[in-house]
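Asks:
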Amino acid sequence: MAVQLPETVRTFVEENLVDRHGTNSEKWDGLQAEFGATDLLPLWIADMEFAAPQAVRDALVARVTTGVYGYSFTPDSYYAALADWMQRRHGVTIQSDWVRLTTGIVKALYMMVDWLTAPGAPVAVMEPVYYPFMHAIEDQGRKVVSANLQWGESGWQIDFDELEQVLAVNHPRLLILCSPHNPVGRIWTADELRRVLSIAEKHDVIVVADEIHQDFEVGGPRFTSALAVATPTQMRHLVVLNAASKTFNLAALNNGNVLIPDAHLRADYDQYSQRVDNVAGTMLGQIATEAGYRHGEEWFDHLLDVVRFNYDHLRDVLADGAPQVKVADLQGTYLSFLDLGAYVDAQDIRDFVQNQAHLAVDYGEWFAPTTATCIRLNLATDPQIVDEAARRIVAAVRSAK
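Using UniProt numbering, read the sequence shown as starting at 1 and increasing by one per residue.
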């Protein structure tokens with residue numbers, strides 16, 4: 001039975017939904033390679049089934065039809081569009097000279113670890129967390145040290161005592177912060193961010209804040225950038241990463257921003273990046289980003305309506321049919337984190353999800369050993385897909401009893 005959609009959600013879906021089969025989509029066409037099956041409903045990988053805003057597509061077409069794809073520079077208008085968006089959406093004032101470009105936020109994470117730490121050094125994170133954080137650390141011969149988040153009656157929280165202890169005992173030079181947090185969906189409050197920055201400052205730790213999901217304010221507090229709460233002293237040890245790739249579905253265009261407010265830290269990064277990677281973003285990625293920031297706001301606001309609807313509907317279906325599934329409160333990102341542990345043991349989770357529910361998801365064990373009974377679902381998709389996924393989970397729970 002088709003889900004009844006509010007008019008704004010229905011209109012957005014009708015105008016923007018795309019069938020991604022046969023487009024070399026990793027999410028859809030890569031199921032066999034990742035999961036060993038092709039009959040799974042894909043809700044993994046954080047990209048969307050929605051076409052980018054029309055203004056983005058028009059800007060790309062205009063450039064592509066020139067037929068010239070030679071060397072280019074980044075125009076001042078790009079930096080102005082980024083600054084205008086951050087001020088308008090989040091009340092953050094940035095300077096153009098803070099911004100360095102990158103070919104992606106995961107690439108930037110690898111560069112941050114390589115730039116700021118030595119082989120064998122500890123790097124702090126807060127697990128469960130986006131698994132490329134750990135890859136960027138361990139692939140380069142560093143050691144992950146984690147101050148684990150805690151999931152209690154009030155939702156996912158930072159354990160500040162553990163964070164203090166991890167930094168004091170291990171003496172990392174770098175803490176990678178995920179804000180909003182993927183996968184648990186928290187938007188850290190201004191007070192929480194101040195405490196993180198204060199503890200890091202006390203232990204002389206540089207904070208790299210991955211804020212790629214900054215625009216997804218789904219519920220709860222408004223997003224606060226670390227740039228908005230850092231003191232002048234803390235700004236000397238702060239780097240922020242963001243991009244338009246989640247906001248406008250541009251991941252394959254490989255463009256992101258590295259914001260370094262401190263001049264001395266920025267100069268050091270410039271020397272480093274000249275040695276290891278002289279590619280600063282991509283022409284088409286910059287064109288798409290600027291067009292999105294200038295003309296994609298209405299499209300994005302309607303997308304948020306879809307994500308909110310999908311989250312509410314997912315919770316309703318699960319509460320009715322599988323009430324012991326724990327669904328994390330979704331404040332930021334478009335990713336819902338569920339704990340199935342009341343119904344299935346960790347060692348059986350893949351069989352339950354793939355063979356019983358026939359879903360392709362991001363498994364909780366990818367984010368931390370402590371969340372092995374959890375799964376992450378992508379809600380930036382067709383509401384009918386979310387409805388089907390929720391009902392498959394309910395059916396699998398009932399058949400397992």
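Ideal Cβ placement from N, Cα and C applies to all residues, glycine included.
Nothing here was measured: the structure is a model prediction, and the numbers come from that model.
With C-beta atoms as the reference, is Val240 less than 8 Å away from Ala190?
Replies: Their beta carbons are not under 8 Å apart, which means Val240 does not touch Ala190 by this criterion.
Asks: Can you give me the C-alpha to C-alpha distance between Glu7 and Lys27, rounded to a whole angstrom?
Replies: Rounded to the nearest angstrom, the two C-alpha atoms are 28 Å apart.
Asks: What do you get for Ser225, buried or exposed, if any count of 16 or more other CB atoms within 10 angstroms of its CB means buried?
Replies: Ser225 should be labelled buried.
Asks: Measure the Cβ-Cβ separation of Ala200 and Leu227 and say whether it is below 8 Å.
Replies: Going by C-beta atoms, Ala200 is not nearer than 8 Å to Leu227.
Asks: Flag this pair as touching only if the segment 375-382 and the segment 306-319 have three or more C-beta atom pairs under 8 Å; answer yes or no.
Replies: Yes, they touch.
Asks: Going by C-alpha distance, which of Asp345, Ser245 and Asn255 is nearest Gly296?
Replies: Taking only the C-alpha atoms, the option nearest Gly296 is Ser245.
Asks: Restricting to Cα atoms, I'd like to know which of Ala342, His203 and Asn182 is closest to His213.
Replies: Out of Ala342, His203 and Asn182, Asn182 has the C-alpha closest to the C-alpha of His213.
Asks: How far does the beta strand (DSSP E) with Ala121 in it extend, from its first residue to its last?
Replies: Counting along the chain, Ala121 falls outside any beta strand (DSSP E), and DSSP gives it neither H nor E.
Asks: Under 8 Å, do Leu60 and Ile287 count as touching if we go by C-beta distance?
Replies: Against a cut-off of 8 Å, the Cβ pair of Ile287 and Leu60 comes out as a contact.
Asks: From the DSSP output, in three-state form, read off Ile94 for me.
Replies: Three-state result, Ile94: coil.
Asks: According to DSSP, which residues form a beta bridge with Gly256?
Replies: For Gly256, which the question treats as bridged, DSSP gives the partners Thr102.
Asks: CB-CB under 6 Å to Thr289, same chain, minus the five flanking residues each way: which ones, in chain order?
Replies: Closer than 6 Å at Cβ, skipping near neighbours: Ala244 and Asn255.
Asks: Give me the residue from Pro119, Val145 and Gly120 with the minimum Cα distance to Pro128.
Replies: Among Pro119, Val145 and Gly120, the Cα nearest to that of Pro128 belongs to Val145.
Asks: Suppose only complete runs of 4+ residues qualify. What are the alpha helix (DSSP H) ranges in the segment 156-237, listed by chain order?
Replies: If we require 4 residues or more, the alpha helix (DSSP H) runs fully inside the segment 156-237 come out as 160-170, 190-202, 226-229 and 232-235.
Asks: Is Phe12 helix, strand or coil by DSSP?
Replies: DSSP places Phe12 in helix when its eight states are reduced to three.
Asks: Beta carbon of Asp114, beta carbon of Val276: below 8 Å?
Replies: Yes, these two residues count as a Cβ contact at 8 Å.
Asks: Is the number of C-beta pairs between the segment 44-58 and the segment 10-22 that are closer than 8 Å three or more?
Replies: The segment 44-58, when compared against the segment 10-22, does touch it at the 8 Å Cβ threshold.
Asks: From the DSSP output, in three-state form, read off Val145 for me.
Replies: Val145 falls in the strand class under three-state DSSP.
Asks: For Leu43 and Leu359, I'd like the C-alpha separation in whole angstroms.
Replies: For Leu43 and Leu359, the distance between alpha carbons rounds to 7 Å.
Asks: Under 8 Å between the Cβ atoms of Asp387 and Val325?
Replies: No, they are not a contact pair.
Asks: First and last residue of the beta strand (DSSP E) that includes Ser336?
Replies: Start and end: Leu335 to Asp339.
Asks: Could you check which residue in Arg391, Gln274, Tyr334 and Asp301 has the C-alpha nearest to that of Pro323?
Replies: Among Arg391, Gln274, Tyr334 and Asp301, the Cα nearest to that of Pro323 belongs to Arg391.
Asks: By the three-class DSSP mapping on this structure, what secondary structure does Ala37 have?
Replies: Residue state, collapsed to three classes: coil.
Asks: Does the contact criterion of 3 or more C-beta pairs under 8 Å hold for the segment 162-181 versus the segment 262-276?
Replies: Cβ pair count under 8 Å is below three, so no.
Asks: Give the straight-line distance between the Cα atoms of Gly220 and Ile187, rounded to the nearest whole angstrom.
Replies: Distance between the alpha carbons of Gly220 and Ile187: 8 Å.
Asks: Mind checking whether Ala2 and Gln384 have CB atoms under 8 Å apart?
Replies: Going by C-beta atoms, Ala2 is nearer than 8 Å to Gln384.
Asks: Less than 8 Å between C-beta atoms, sequence neighbours within five positions excluded: which residues of the same chain meet that for Val141?
Replies: The displayed chain sequence assigns Gly, not Val, to residue 141. Excluding sequence neighbours, Gly141 sits near Pro119 and Gly120.
Asks: Does DSSP classify Asn355 as helix, strand or coil?
Replies: Note: Asn355 maps to helix in three-state DSSP.
Asks: Sorted by chain position, which residues of the same chain lie with C-beta nearer than 6 Å to Gly155's C-beta, five sequence neighbours on each side aside?
Replies: So the qualifying residues of the chain are Asp329.
Asks: Using DSSP bridges, identify the partner residues of Ile375.
Replies: DSSP, once it has assigned bridges, lists Leu338 and Tyr363 as partnering Ile375.
Asks: Under the assumption that Leu149 contacts Gln157 (Cβ atoms under 8 Å), give the Cβ distance between them as a whole number of angstroms.
Replies: At roughly 7 Å, the Cβ-Cβ gap stays under 8 Å, so Leu149 and Gln157 are in contact.
Asks: In whole angstroms, what separates the C-alpha of Val169 from that of Ala368?
Replies: Cα to Cα, Val169 sits roughly 21 Å from Ala368.
Asks: From the DSSP output, which residues share a beta bridge with Gln286?
Replies: Gln286 is not bridged to any residue.
Asks: With Trp151 as the anchor, note down where its beta strand (DSSP E) starts and where it stops.
Replies: Segment Gln150 to Gly152, the beta strand (DSSP E) holding Trp151.
Asks: Alpha carbons only, please: which of Arg376, Ser399, Met111 and Val394 is nearest the one belonging to Gly185?
Replies: The shortest Cα separation from Gly185 among Arg376, Ser399, Met111 and Val394 belongs to Arg376.
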